[in-house]
Amino acid sequence: MRATIAGLVAGYLLSQFYRTCLAVLAPILKTEIGVSSSDLAVSLGLWFAAFALVQIPVGEALDRIGPRRTVSVMLAVGGGAGAALFAMAEGPIAIHFAMILIGLGCAPILVGSYFIYARSFKPALFSTLAASTMGAGSLGNLAGATPLATAIDTFGWRPTLWGLAVITLGVALLIAVFARDPERVVQPEGRRGTALDVLKLPGFWLLLPLTLANYAPAAGIRGAWAGSYLSDVFGADTQLIGRVTLIMGLAMIAGTFAYGPADRLLGSLKRVIVLGNIVMALALAGLWLMPDQSILLATVLLALVGFFGASFPIIMAHGRSFYPPHLTGRGVSVHNMFSILGVAIMQFASRPVFEAASAGHSPQTAYGLLFAFFLAPVAIGLGFYLFAPSRGESLN
């Protein structure tokens, strides 16, 4: 089981890298092949859309054939090919298709880990294991900051992407060879065990608005907008962008680890989720109202968004209490689908919002309105989540 978890964590590290690397690549892609920050926002949105739209079939595959084959095949075919296509890109269309392929390849990795934890460990350990996996895998966040900037400066961005394609194929091979599937759960008679069954669980719907909104600010800003924001408002170069996004990435990792045991300290998953998302909302409000105050303040606020926006595994742990064992794969996949779909929707919508805000306004005003756009769904999601039951009533 240790080899299985290690392989999936390595895969999740790649997943985190690919969803955050565009912020550092933005300046050189604009200079060399004319890809704008708005184009990259669409590319990242396509990554998340592809990731989200295959979550239901991924859940079916996890329940039917297990995580080993599901993850290794999709990561090799999607992730490896996508990185190779990115390395050969000559414009935004190729990067769009590359990110779609990479999104498909990364789609089963995290839920494959959650599937194993739900099947193989005690329920009380789920939130800690889930948060630890996200924290360890989020080292990809760091690799997508200063180390990526250094690799680009040293080797060029195309050789760097070719190297990533080779690494991705290598991780997929390791998972195929060394990973092991947990024991299967027998499907109860008369139960179809579909994604619709998950959506019918009492009270589960009240978690979904915050699930849609929670991850979008940290993922979207860190993945696509942070680089152009720092460049346009503060004149930051690639190395400074790398350092600031590294700090945000470290904050996201620290937040993930901090959320894991926080429910035991505060006595309630729901209490932790509410408090954390309130602080994230306040940080977004600060970026909205003071987008150009200083690069130090911007860095602190971005770090707060990263730290307190890392509550997704705890929201997943809350959702885990709603679905029964035979719906484990479908349950974690459906819940994860809503989270990633929220990021995709916000990324697609952020481009026209930013372009409209930029018309006749200064860059700082445009980015301030962009941060307000990320804030609004979080506030709405919190409003619904306050009425969610503290624990679901799983079916036998």
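Numbering-wise, the sequence shown is residues 34 to 429 according to the numbering used here. The C-beta atom is built at its ideal place from N, Cα and C for all residues, glycine as well.
Answer yes or no: do residue i and residue j have a C-beta to C-beta separation smaller than 8 Å?
| i | j | result |
| --- | --- | --- |
| Glu177 | Phe81 | What sits at residue 177 in the sequence shown is Gly, not Glu. Not closer than 8 Å, so no. |
| Met349 | Tyr147 | yes |
| Ser372 | Phe345 | yes |
| Phe340 | Ala284 | yes |
| Arg353 | Phe159 | yes |
| Ser264 | Pro125 | no |
| Tyr356 | Pro242 | no |
| Ile149 | Pro100 | yes |
| Leu47 | Gly173 | yes |
| Ala74 | Gln397 | no |
| Gly170 | Val42 | yes |
| Thr37 | Ala212 | yes |
| Gly253 | Ser76 | no |
| Leu320 | Leu334 | yes |
| Val266 | Asp325 | yes |
| Ala117 | Ala39 | no |
| Leu175 | Gly275 | no |
| Asp214 | Leu360 | no |
| Leu239 | Phe387 | no |
| Ala336 | Ile280 | yes |
Determine the DSSP secondary structure at residue i, reduced to helix, strand or coil.
| i | result |
| --- | --- |
| Ser427 | Residue placement at Ser427 cannot be trusted, given a pLDDT of 44 that sits under 50; what the coordinates show is reported in the next sentence. Coil, per DSSP. |
| Gly136 | helix |
| Glu93 | helix |
| Thr53 | helix |
| Thr227 | coil |
| Ala421 | coil |
| Glu388 | helix |
| His394 | coil |
| Ser105 | helix |
| Met285 | helix |
| Ala343 | coil |
| Lys233 | coil |
| Met121 | coil |
| Ser76 | helix |
| Pro324 | coil |
| Phe355 | coil |
| Val68 | coil |
| Ser372 | helix |
| Ala269 | coil |
| Tyr248 | coil |
| Ala253 | Note that residue 253 is Gly in the sequence shown here, rather than Ala. In this structure, Gly253 counts as helix in the three-state DSSP scheme. |
| Gly99 | coil |
| Ser261 | helix |
| Val367 | helix |
| Ser383 | helix |
| Gly300 | coil |
| Val110 | helix |
| Val333 | helix |
| Val307 | helix |
| Val87 | coil |
| Leu415 | helix |
Rounded to the nearest angstrom, how far is the Cβ of residue i from that of residue j, given a contact under 8 Å?
| i | j | result |
| --- | --- | --- |
| Val115 | Asn247 | Contrary to the premise, residue 115 reads as Gly rather than Val in this sequence. Incorrect: roughly 26 Å between the Cβ atoms, too far for contact. |
| Val104 | Ile142 | 6 Å |
| Gly342 | Ala412 | Rounded, the Cβ-Cβ distance is 14 Å, inconsistent with contact. |
| Val365 | Ala151 | 7 Å |
| Val367 | Ala164 | Their Cβ separation, rounded to whole angstroms, is 20 Å, which puts Val367 and Ala164 out of contact at 8 Å. |
| Gly300 | Pro422 | Going by Cβ atoms, the distance from Gly300 to Pro422 rounds to 16 Å, so no, they are not a contact pair. |
| Tyr292 | Thr166 | Not a contact, Cβ separation roughly 12 Å. |
| Leu62 | His129 | In fact, because the Cβ distance is near 12 Å, the residues do not count as touching under 8 Å. |
| Ala122 | Ile200 | Not confirmed; about 18 Å, so no contact. |
| Leu271 | Ala331 | Reading the sequence as shown, one finds Thr at residue 271 and not Leu. No, Thr271 and Ala331 are not in contact; Cβ-Cβ is about 17 Å, not under 8 Å. |
| Leu374 | Leu245 | 7 Å |
| Leu232 | Ala318 | At roughly 32 Å, the Cβ-Cβ gap does not stay under 8 Å, so Leu232 and Ala318 are not in contact. |
| Ala351 | Leu308 | The identity of residue 351 in the sequence shown is His, whereas the question assumes Ala. Incorrect: roughly 14 Å between the Cβ atoms, too far for contact. |
| Ile286 | Gly168 | 5 Å |
| Ala85 | Ala377 | 6 Å |
| Asp296 | Ile347 | 7 Å |
Notebook entry, point to check: Any contact of the region 106 to 126 with the region 136 to 146, i.e. 3+ C-beta pairs under 8 Å?
Noted result: yes
Notebook entry, point to check: In the region 140 to 222, which residue ranges form an unbroken beta strand (DSSP E) of at least 3 residues, counting only runs that do not cross its ends?
Noted result: none
Check: Is the region 60 to 76 touching the region 148 to 160, taking contact as three or more C-beta pairs under 8 Å?
Finding: no
Next item on the list: Answer yes if the region 254 to 267 comes into contact with the region 52 to 64, meaning at least three C-beta pairs across the two stretches below 8 Å, and no otherwise.
Entry: yes
Checklist line | Three or more C-beta pairs below 8 Å linking the region 83 to 102 and the region 389 to 400 | finding: no
Checklist line | At least 3 beta-carbon pairs within less than 8 Å: the region 183 to 198 vs the region 310 to 321 | finding: no
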